[in-house]
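This report refers to the structure that appears directly beneath it.
Chains as they are written, first to last, in the working numbering: chain H, 22 to 438; chain X, 2 to 322.
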């Protein structure tokens with residue numbers, strides 16, 4: 022009897038050891054279901070070739086359900102080992118609740134600038150909990166054939182920008198600007214946070230708001246709203262009911278000349294548009310001014326604090342932080358740019374154009390995303406509404422700035438008068 | 002004597018046992034419904050009311066604050082503005098349904114009941130949209146009304162009214178009414194069916210008698226049929242009331258988004274509840290504030306239904322037919 026027990030125990034121990042040695046399976050939680058093929062066919066095979074003992078599976082959830090579903094799974098202990106992180110508070114809350122592990126000392130994190138890590142670090146920057154994966158860059162994508170046909174050049178300054186729009190409007194064969202206000206968020210994302218950094222000098226203005234030394238009612242924050250108000254003259258008829266997908270279609274069908282964009286559009290536009298496209302960064306006030314671009318930290322990846330395979334998960338994160346991943350990812354998903362300092366060649370011409378602005382211009386992130394949208398009323402939601410209101414002409418830029426400032430001052434101590 | 006005593010005692014015991022058994026089967030039959038209703042309806046409702054009395058702390062725990070959340074919702078200027086705006090938009094939605102959907106449903110039902118042989122196809126066609134997903138309905142109507150690819154402008158142009166075309170869904174002045182009318186288009190089949198069922202249940206003898214008495218077709222409808230279906234119209238009204246506070250959410254969310262664009266002109270209690278509870282973009286979800294909005298919604302519906310039951314339902318005359 023005793024012998025039987027011993028044998029069983031030995032077998033059990035052996036099989037456990039064997040299971041450990043054969044393969045550890047890690048699963049990745051993400052909201053990017055459209056990236057399934059890229060993970061399955063490009064990224065994960067490259068990792069598994071190097072680490073045959075670790076098997077990784079990419080299991081996305083629909084974007085609108087991701088936050089709620091992930092929270093439920095983390096609370097219930099059934100979440101995946103690796104968690105794709107939303108920037109700022111969405112992930113910070115998970116870290117504070119102990120769901121995300123601290124990875125401040127992870128090998129490879131030194132490849133990233135601190136502005137990139139800020140999206141997934143505590144407010145003081147002392148603890149980091151996700152590896153930065155990618156950013157998206159704002160600018161304008163234009164129909165190069167339309168520009169050639171009308172003899173137009175990429176505008177450098179704001180006045181040149183409006184001169185180009187006037188010329189397109191006068192010609193009449195294209196809608197000058199492909200944007201609508203029906204879904205509201207484009208006014209904030211492709212409008213205000215796209216052109217704004219040139220006025221508030223990128224990080225200087227953004228950090229000024231956080232420290233309380235700048236206000237939304239200051240001229241550098243009101244000016245971009247005034248410029249935005251002028252856009253409505255160049256948007257399509259009935260733009261008030263034009264949705265995001267309407268704008269995308271309007272542009273890719275060749276019926277509009279300029280699309281206020283985020284670089285995430287590149288993959289889709291390459292597939293849909295039958296004409297050659299170009300891109301230019303947000304125009305500056307006077308020729309020769311320093312340009313600022315919104316190079317927004319959008320995706321990171323961290324590990325579940327409760328994972329059963331912390332070593333394997335760490336190994337995977339180290340690989341994500343490596344130059345190899347940076348190059349693979351940026352080229353597999355043109356328009357999502359690795360935040361790593363590593364240098365490599367970007368194959369897609371449009372993506373290369375966007376990325377080249379990092380050399381010429383100063384980078385910043387969207388103004389409302391760090392700390393400033395933590396309270397109620399929410400600054401980012403306010404920006405959606407007032408941005409659309411300014412374009413629709415139902416609110417003056419000054420009123421819009423007042424709304425933003427009053428909303429922020431209500432709950433954010435450094436902004437209280 | 003003893004004999005009689007035992008005689009009368011036995012049936013009494015038997016009666017008691019029968020009575021107890023009689024009670025038991027009521028419990029057995031009620032149990033499944035009560036159990037399911039309690040688990041899936043009463044308990045969540047009570048839990049949601051309980052949640053609304055707490056406030057969340059940063060470490061995830063909650064602290065009891067009594068009616069603090071209600072005070073915030075009703076008296077904090079930012080919350081109160083959103084709340085009353087959503088509430089009044091709901092009332093507009095209710096009003097449009099009461100003056101458009103229900104009379105239209107009554108009219109269609111009356112017409113269908115006159116021609117049961119040819120009405121079948123129309124009855125089905127008019128009812129079909131209620132079975133469609135709101136996402137599909139929203140998408141179809143967005144396309145029809147789209148300033149870029151919609152047929153609305155072309156159709157108006159065909160009758161020389163192209164000048165009347167506006168991007169209705171995008172204008173603050175018209176967005177809410179437009180969404181309401183889309184909802185009317187989708188759901189007009191439900192009052193139609195309920196009223197139709199009531200109309201065809203009216204015995205032919207009553208109609209024949211009215212005819213013999215010399216009433217015209219319209220007078221028969223007005224003086225005989227309508228009084229007989231009043232209780233159904235009451236039910237339709239109360240269903241419309243409840244539906245406007247609960248079911249209006251999905252259509253508005255799918256067409257106008259969680260912020261009730263443009264400029265909160267289509268924001269209703271449902272969208273306010275959704276973004277408060279689950280969050281919206283950078284706004285993190287707040288279960289306690291969300292539960293407060295949900296509880297207010299519950300009270301609003303409760304008050305409406307109570308008023309209806311107390312003042313209207315009891316006065317409605319029911320006729321045995």
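Backbone N, C-alpha and C define an ideal beta-carbon position, used for all residues, glycine too.
A quick note: this is a predicted structure, and the numbers were derived from the prediction, not measured.
- Taking a C-beta distance under 7 Å as the contact criterion, residue 171 of chain X and residue 261 of chain H qualify as a contact pair.
- Any Cβ of chain H closer than 7 Å to the Cβ of residue 278 of chain X would place that residue at the interface, and such an atom is absent.
- Chain-ordered, the chain H residues with CB closer than 9 Å to the CB of residue 262 of chain X read 202, 203, 204, 205, 405, 406, 409.
- Taking the Cβ atoms as the reference, residue 213 of chain H lies roughly 15 Å from residue 428 of chain H, outside the contact range of under 8 Å.
- A check of alpha carbon separations from residue 62 of chain H across H:77, H:51, H:50, H:52 identifies H:77 as the nearest.
- Between residue 112 of chain H and residue 81 of chain H the beta-carbon gap is near 17 Å, outside 8 Å, which marks them as no contact.
- For residue 172 of chain X, there is no enclosing beta strand (DSSP E), as DSSP gives it neither H nor E.
- With 16 or more other Cβ atoms inside 10 Å of its own Cβ, residue 273 of chain X counts as buried.
- With the criterion set as a beta carbon lying under 9 Å from some beta carbon of chain H, the members of the stretch 160-194 of chain X are 166, 167, 168, 169, 170, 171, 172, 173, 176, in sequence order.
- Judged by beta-carbon spacing, residue 152 of chain H lies within the 7 Å limit of residue 322 of chain H, meaning their Cβ atoms are closer than that value.
- At the C-beta level, residue 349 of chain H and residue 64 of chain H come within 7 Å of one another.
- Residue environment for residue 318 of chain X: exposed (fewer than 16 other C-beta atoms within 10 angstroms of its C-beta).
- Neighbours of residue 271 of chain H in chain X, taken as residues whose beta carbon is under 8 Å from its own, are 149 in chain order.
- Here residue 252 of chain X has 135, 138, 139, 180, 183, 184, 187 as same chain residues with Cβ atoms under 8 Å from its own Cβ, once five neighbours each way along the sequence are excluded.
- Membership of residue 65 of chain X in the beta strand (DSSP E) is indicated by the continuous run 63-65.
- Following the DSSP letters along the chain, one finds residue 324 of chain H inside the beta strand (DSSP E) bounded by residues 313-324.
- With respect to residue 227 of chain H, residue 385 of chain H sits close: the two C-beta atoms are nearer than 7 Å.
- C-alpha of residue 313 of chain H to C-alpha of residue 178 of chain H: approximately 13 Å in a straight line.
- Counting C-beta pairs closer than 8 Å gives three or more between the stretch 298-316 of chain H and the stretch 357-374 of chain H, which meets the contact rule.
- Taking C-beta separations shorter than 7 Å and ignoring five residues to either side along the sequence, the partners of residue 403 of chain H in its chain run 424, 425, 428, following chain order.
- The alpha helix (DSSP H) runs lying completely inside the stretch 156-224 of chain H and spanning 4 residues or more are 165-170, 179-192, 218-221, given in chain order.
- Here residue 177 of chain X really is in contact with residue 93 of chain X; their C-beta atoms are around 6 Å apart, less than 8 Å.
- Secondary structure at residue 144 of chain H: coil, using DSSP grouped into helix, strand and coil.
- Taking 8 Å as the upper bound on Cβ-Cβ separation, chain X lies near residues 88, 89, 109, 110, 111 of the stretch 83-111 of chain H.
- Under the three-state reduction of DSSP output, residue 286 of chain X falls in the coil class, being neither helix nor strand.
- Between the stretch 99-106 of chain X and the stretch 188-196 of chain X there are three or more inter-stretch CB-CB distances shorter than 8 Å, so the stretches are counted as touching.
- Listed along chain H is no residue with a C-beta nearer than 9 Å to that of residue 206 of chain X; the closest approach is about 54 Å.
- At the C-beta level, residue 200 of chain H and residue 281 of chain H come within 7 Å of one another.
- Counting the other CB atoms within 10 Å of its CB gives residue 368 of chain H a total below 16, which places it among the exposed residues.
- For residue 387 of chain H, the number of other beta carbons within 10 angstroms of its own is at least 16, and it is reported as buried.
- For residue 299 of chain H, the three-state secondary structure derived from DSSP is strand.
- Per DSSP, the unbroken alpha helix (DSSP H) holding residue 135 of chain X starts and ends at 135-146.
- In the three-state reduction of the DSSP assignment, residue 259 of chain X falls in the coil class, being assigned neither a helical nor a strand state.
- Residues of the same chain with a CB within less than 7 Å of the CB of residue 230 of chain X, apart from the 5 flanking positions on each side, are 196, 199, 200 in chain order.
- Assignment of residue 194 of chain X by DSSP, reduced to helix, strand and coil, places it in the helix class.
- Around the Cβ of residue 47 of chain X, a 10 Å sphere holds fewer than 16 other Cβ atoms; the residue is exposed.
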